[in-house]
Amino acid sequence: MTDKYVHVELNGHEVLVEPGTTVLQAILGAGVEHPHVCYHPALGPIETCDTCIAEVNGALVRACSLPVEESMKINTKTVAARFARKEAMDRILKNHELYCTVCDNNNGNCTIHNTAMQMEIDHQAYPFEPKPYEKDMSNPFYRYDPNQCILCGRCVEACQNLQVSEVLSIDWSRENPRVIWDNDVPINESSCVSCGHCVTVCPCNALMEKSMLGEAGFLTGIEEDTLGKMIDITKKVEPGYSSIFAISEIEAEMREARIQKTKTVCTYCGVGCSFDVWTKDRKILKVEPQMEAPANQISTCVKGKFGWDFVNSSDRIVEPLVRRGDAFYPVSWEEALDVIETRLGQIRDEHGPDAIAYIASSKCTNEENYLMQKLARSVMHTNNIDNCSRYCQAPATEALRRTMGLGGDTGSIKDLEQADLVIIVGANPAEAHPVLSTRLRRAQKKYGQKLIVADIRKNIMAERADLFLHPNQGTDLVWLSGVAKYIVDCGKHDAQFLQEHVNNVDQFLASLEKFTLDYTSEVTGLSKEMLIQTAEMIMNAERVCICWAMGVTQHLGGSDTSTAICNLLLLTGNVARPGTGAYPLRGHNNVQGAGDFGCAPAMLPGYELVSDPEIRNKYEQAWGTPLPTNPGLNNHQMVDAIHEGKLKAMYLIGEDMAVVDSNANYVQQAFEKLDFFIVQDVFFSKTAEFADVILPASPSLEKEGTFTNTERRIQRLYQVLPPLGNSKPDWQIIQLVANRFGANWNYTSPRQIFEEACSLTELMKGATYERLEGYQSLQWPVAADGTDTPLLYQDGFFFPDKRARFYPVDWTPPIALEAEYDLELNNGRILEHFHEGNMTNRVPGIHEKVPETFVEVSKELAAERGLQDGTLVRLISPYGKVKLPVVVTDRVSGKHIYIPQLSPKAEQAVNLLTSSHHDKATFTPAYKEMRVKMEVLEFTGKSPFVKGNFRLGHPNPQPGVNVEMKWARKDYRPLVTDRS
Amino acid sequence: MARSIQTVVWPTVTEEEKQEARLGEVRREASNDADGIIQALKVLQAMEDRGMLDILLALLQRGEGVLAHVVDVLAKPEVTSSLETLIKSVQALGKLNSVGLLKTLDGVTAGLDRVAEAAPPEQHLGVYDVLRRLKDPDVNAGLAFALDFLQGMGRAVRTSGTEADAVGP
Chain A
97 MTDKYVHVEL NGHEVLVEPG TTVLQAILGA GVEHPHVCYH PALGPIETCD
147 TCIAEVNGAL VRACSLPVEE SMKINTKTVA ARFARKEAMD RILKNHELYC
197 TVCDNNNGNC TIHNTAMQME IDHQAYPFEP KPYEKDMSNP FYRYDPNQCI
247 LCGRCVEACQ NLQVSEVLSI DWSRENPRVI WDNDVPINES SCVSCGHCVT
297 VCPCNALMEK SMLGEAGFLT GIEEDTLGKM IDITKKVEPG YSSIFAISEI
347 EAEMREARIQ KTKTVCTYCG VGCSFDVWTK DRKILKVEPQ MEAPANQIST
397 CVKGKFGWDF VNSSDRIVEP LVRRGDAFYP VSWEEALDVI ETRLGQIRDE
447 HGPDAIAYIA SSKCTNEENY LMQKLARSVM HTNNIDNCSR YCQAPATEAL
497 RRTMGLGGDT GSIKDLEQAD LVIIVGANPA EAHPVLSTRL RRAQKKYGQK
547 LIVADIRKNI MAERADLFLH PNQGTDLVWL SGVAKYIVDC GKHDAQFLQE
597 HVNNVDQFLA SLEKFTLDYT SEVTGLSKEM LIQTAEMIMN AERVCICWAM
647 GVTQHLGGSD TSTAICNLLL LTGNVARPGT GAYPLRGHNN VQGAGDFGCA
697 PAMLPGYELV SDPEIRNKYE QAWGTPLPTN PGLNNHQMVD AIHEGKLKAM
747 YLIGEDMAVV DSNANYVQQA FEKLDFFIVQ DVFFSKTAEF ADVILPASPS
797 LEKEGTFTNT ERRIQRLYQV LPPLGNSKPD WQIIQLVANR FGANWNYTSP
847 RQIFEEACSL TELMKGATYE RLEGYQSLQW PVAADGTDTP LLYQDGFFFP
897 DKRARFYPVD WTPPIALEAE YDLELNNGRI LEHFHEGNMT NRVPGIHEKV
947 PETFVEVSKE LAAERGLQDG TLVRLISPYG KVKLPVVVTD RVSGKHIYIP
997 QLSPKAEQAV NLLTSSHHDK ATFTPAYKEM RVKMEVLEFT GKSPFVKGNF
1047 RLGHPNPQPG VNVEMKWARK DYRPLVTDRS
Chain B
20 MARSIQTVVW PTVTEEEKQE ARLGEVRREA SNDADGIIQA LKVLQAMEDR
70 GMLDILLALL QRGEGVLAHV VDVLAKPEVT SSLETLIKSV QALGKLNSVG
120 LLKTLDGVTA GLDRVAEAAP PEQHLGVYDV LRRLKDPDVN AGLAFALDFL
170 QGMGRAVRTS GTEADAVGP
């Protein structure tokens, strides 16, 4: 037992520590207080500050970077070590003016303040010397003050090696070193993506959220000039820091009274970042990520860190609105509910319960989704319930259920970090799942993970890939199968794994026969060498993960290509082990949960089948009502059914279906035909324009509940702000509607709803609010005793015989159009905005950086048609047309063009061009298969890329903070013992 | 049939209606916290009687400017140095044993009482000057003056409170 540990002597006492830990971790782990400034657990040793020096075996060393060794003698208390640490801290304070009481960072968590207090520093040994640099206020979200910067390099390490945007560095060659962006340009003109990592890790007030400035403290809102004088006075009269610290501690304590810190889970993408939100009344002061956050620790993207101002937007709907003639009129909740009761009741009585459909929201909580399907089934007696996962992830879920049994990522983000090889197919995680992508970039840069990206667009991850595959549009299934066949032909598939764990092997191998290298290369346009290289990288890797998203799923053969991915993973034994698995990257924050909690026509919560009489019986008992047996309609079928006159009314929550569903013109025409349409949203969306009743909902910050992220991880969000105006959390609204139809529900909290829902399922039986308290989380399946499952299938696959199944698939060629539609249209997310932009476009800083949408064209196409940045073009498909300004870029090539989903103006929505063709198995629209023609309207115009767009910057990759350059400076005297 | 529309007709709320709604809110809140509000009114009246509300109002209205002036005054070297002295004195006081401090202060009072009748010294002298000029009759007088002070103080320090009270004219 003790052999597992290393024995060291710490200040004369024997201590056991795990091998691989550093001296600093050993000291802190033993409960000994020990200063350290530049070291951060998320970043590892940086070695710039020297404040952690200890004496080890008689030599002075930096405790943060030295690994422990057997019988090491560590002494933190010797005079020499104390002196060295004091000297180190004095050098830091030479770079930092202490004016804590009037500093916005005086919130009890300032590393400099706390370390100086801990070390009982009372006087400045070296007077503070201002540096000859101005504050950089150019970025809308944060500012850098070189005068307060202690040059610890945390921000640089975070940018270069955690976020890996490679923007920040310290220029050690100057007389006065400072942090610079790119090659020393203003922050807002650099390649900075405003992810906020640097601000979060800054140990002082050098990098601060602008929203904190003048707001956080009682004395910090004073005019700059007066404040400067106050700082001078404070410094002149200071009789030693201890009394300054005492006063600032009191002030920090007082701040606690008016600054609320509330944990929430991000409302944007499926990564599921959680963090504290600091608020003062309704003002959002900042987002403060925490190391204990399971999915992201201290990581965020621009939306999670800075994208919350939409909550206080004056565009929020804060009263129920009812259509009368050609206008909406604000009414009371009672009046709105009266209209709903009357009209929906009439339609149900006249046309039957299946004439009404319900669409839940992947933006809403699990509790709200559960209630929405319960309303549809138990109260309104129809299975016409669906959610927007139909538009993106249903094919991935289908494929996983075909082959492995459970419709979720097979592992966690941690497994992606541990893999030797990650393959990304048809996904752009650097923009659509930013924090997840940082884990891959870090693993590649720091630990040599290999990366293959297969995409028709050279996105950010493709730029970084060890191998970039650019197949023809819609041919991923072919190269996946070709590579699988090559691996089998080499005899490098995992025969033992197949024998022990997988059915249908022969059938599957036979299905691969046609995918020879010749055929594969011909169909995909990939060279045989590239195919072989791909196969070899897979064969040579011990652990392989495959991530995919809408570039795979939104095709005619979306489910089949997803299945081919699963087949390939099974073939090579890359499932059910740490560091391996299948990762469909869920788009919205709760697209996983909306499905998990039964918002699909054929599935009750926990993916239990509506068609199974036993399961129906269970729910009938629990809910005390009969349940419908008619098969329900999915979103896609609902639109058709409206056109056919079968569907008369719809109740839709939190989904701008009029622009995000494909073939938007067709969808909007359907909405015009509805007899009665209820839209529940935070904003007056395009969809709301078609409504008869608009119900004002509260966004995530204004409610409690749970979200489930792409790792199947259930996390709790707490209410940060009260609902604005007369808006209400969706679960309360659904209950009000249900009770108008005799439901007699009496839920007083989301906890009741959650625990009712989970206790009914097999999948999440043991999930309770208590087990999800604070930053705790559960990854389903959750057993009754609360045991969760971060890595699936370690005890067998989710089928009665515990064996996975190969599911042979064949290629479906993409939609063909007449030759006049000569450009291949692709679409997807961009980093700054979420989806169509209803929320992010109302965040002033984001709007400033990316104010409008655009179409990306290749340099070749630009040369051929005389296009340049800002050229206004009209794009025409057989289904509609849009007018957009052009951006010329090498992210796309040849006749590929790319349009973001962002559409601040509904008439620019890319889905006016897409069709209603869909995946055969799941009805997911083939958004990624469309061809268009282009007309130039105006050759010159303003570029849609404005100053502040990170794509215009020039990153400056560095191995890290380059501390050796600091040590080599003439003015640096080493404090550690020279061991050379 | 429902065409897409963007018009919302907000009811026109008159100034009177808005005022009425706001007053209603105030009345509701006031009746909830009646006791506290009555007390607060008394405090306010007392402050008005003593003219404090005028001062406060002026301070609040001209807050930034007043603060800037205050800071300007504080930033003068002599004021800054006084502040420093003040903070140091407060720190020094904090270090004193309170019983000892009382005794010493009593002593100082007694000493001052004792010398109250003597003439003040004319100039400040260095230690070596003092030693060299001990023979000077004026210096002698000055020394006696100081010794008188010390004697008075010493007596107070040695004796108990009641006796110290008795010292002096």
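Chains as they are written, first to last, in this note's numbering: chain A, 97 to 1076; chain B, 20 to 188.
Glycine included, every Cβ here is placed at the ideal spot set by N, Cα and C.
The structure displayed is predicted, hence computed values, not measured ones.
To which residues of the same chain is residue i closer than 6 Å at the C-beta, ignoring the five residues directly before and after it?
| i | result |
| --- | --- |
| A/Y222 | D186, K190 |
| A/L887 | G507 |
| A/Y917 | R1027, V1028, K1029 |
| A/E193 | F224 |
| B/G187 | Note that B/G187 has pLDDT 34, beneath the 50 cutoff, so the model's placement of it is unreliable and the number below is only indicative. Around B/G187: D132. |
| A/A526 | S533, I556, M557 |
Going by DSSP, which residues form a beta bridge with residue i?
| i | result |
| --- | --- |
| B/V98 | None; B/V98 has no bridge partner. |
| A/V418 | A/Y425, A/V789 |
| A/K977 | A/I972 |
| A/A737 | Its beta-bridge partners do not exist; DSSP assigns none. |
| A/W277 | A/L264, A/V281 |
| A/R1027 | A/E920 |
| A/W374 | A/K357, A/K382 |
| A/C662 | In the DSSP output, where bridge partners are listed per residue, A/C662 has none listed. |
| A/Y1086 | One cannot answer for residue 1086 of chain A here, as it falls past the ends of chain A, which runs 97 to 1076. |
Measure how close the beta-carbons of residue i and residue j come, nearest whole angstrom, since I'm counting them as under 8 Å.
| i | j | result |
| --- | --- | --- |
| A/C145 | A/A184 | 6 Å |
| A/F693 | A/P680 | Rounded, the Cβ-Cβ distance is 18 Å, inconsistent with contact. |
| A/M213 | A/F341 | 5 Å |
| A/A312 | A/N465 | Between A/N465 and A/A312 the Cβ distance is about 37 Å, and since that is not below 8 Å, they are no contact. |
| A/F772 | A/K742 | Incorrect: roughly 14 Å between the Cβ atoms, too far for contact. |
| A/L547 | A/Q629 | Their Cβ separation, rounded to whole angstroms, is 13 Å, which puts A/L547 and A/Q629 out of contact at 8 Å. |
| A/V755 | A/L666 | Rounded, the Cβ-Cβ distance is 38 Å, inconsistent with contact. |
Sorted by chain position, which residues of the same chain lie with C-beta nearer than 7 Å to residue i's C-beta, five sequence neighbours on each side aside?
| i | result |
| --- | --- |
| A/F593 | G669 |
| A/N284 | S234, N235, K1043, G1044 |
| B/E182 | With a pLDDT of 41 at B/E182, under the threshold of 50, the modelled position of this residue cannot be trusted; read the value that follows with caution. Nothing listed; no residue qualifies. |
| A/L124 | H130 |
| A/V260 | T534, R537, R538, K541 |
| A/A453 | N480, L729, M734, L743, M746 |
Starting from the C-beta of residue i, find all residues in its chain whose C-beta is less than 8 Å away, skip the five residues before and the five after it, and write them out in chain order.
| i | result |
| --- | --- |
| A/S823 | R412, I413, V414, V778, P792, A793, S794, E798 |
| A/W907 | T571, L573, V574, S577, V619, G653, D656 |
| B/A185 | Here B/A185 scores only 37 on pLDDT, less than 50, and its place in the model is too uncertain to base an answer on. |
Are there three or more Cβ pairs, one per stretch, closer than 8 Å when the segment 505 to 516 of chain A is compared with the segment 622 to 641 of chain A? yes
Ignoring anything shorter than 3 residues or poking outside the segment 200 to 275 of chain A, list the beta strand (DSSP E) runs there in chain order. 238 to 240, 264 to 267
Segment contact, 8 Å Cβ cut-off, at least three pairs: the segment 484 to 503 of chain A with the segment 220 to 235 of chain A: no
Beta strand (DSSP E) runs wholly inside the segment 750 to 799 of chain A, at least 3 long, in chain order: 772 to 777, 789 to 792
May I ask you to verify whether the segment 1020 to 1037 of chain A touches the segment 656 to 665 of chain A, counting CB pairs closer than 8 Å and requiring at least 3? no
Beta strand (DSSP E) runs wholly inside the segment 471 to 554 of chain A, at least 3 long, in chain order: 517 to 521, 546 to 550
I'd like to know if the segment 1053 to 1070 of chain A and the segment 393 to 408 of chain A are in contact, where contact means that at least 3 CB-CB pairs between them fall below 8 Å. no
Entirely enclosed beta strand (DSSP E) segments - the segment 987 to 1037 of chain A, minimum 3 residues: 992 to 996, 1026 to 1034
Taking 8 Å as the cut-off, does the segment 805 to 823 of chain A touch the segment 348 to 368 of chain A (at least 3 CB pairs, one atom from each stretch)? yes
Where are the alpha helix (DSSP H) runs, 4 residues long or more, that stay fully inside the segment 125 to 207 of chain A, in chain order? 175 to 190
The segment 952 to 964 of chain A / the segment 973 to 980 of chain A touching (three or more Cβ pairs under 8 Å): no
Check whether the segment 467 to 484 of chain A and the segment 644 to 655 of chain A are in contact - that is, three or more C-beta pairs closer than 8 Å. no
4-residue-minimum alpha helix (DSSP H) runs that sit fully inside the segment 282 to 338 of chain A, ordered along the chain: 293 to 297, 320 to 333
Quick one: which unbroken alpha helix (DSSP H) runs of 4-plus residues sit fully inside the segment 28 to 71 of chain B? Chain order, please. 34 to 51, 53 to 68
Is the segment 926 to 937 of chain A in contact with the segment 379 to 393 of chain A, if contact means three or more CB pairs nearer than 8 Å? no
Does the segment 427 to 441 of chain A come within contact of the segment 38 to 50 of chain B, defined as at least 3 CB pairs closer than 8 Å? no
Three CB pairs or more closer than 8 Å across the segment 109 to 120 of chain A and the segment 152 to 171 of chain A: yes
Okay, do the segment 497 to 506 of chain A and the segment 875 to 889 of chain A touch, 3+ Cβ pairs below 8 Å being the bar? yes
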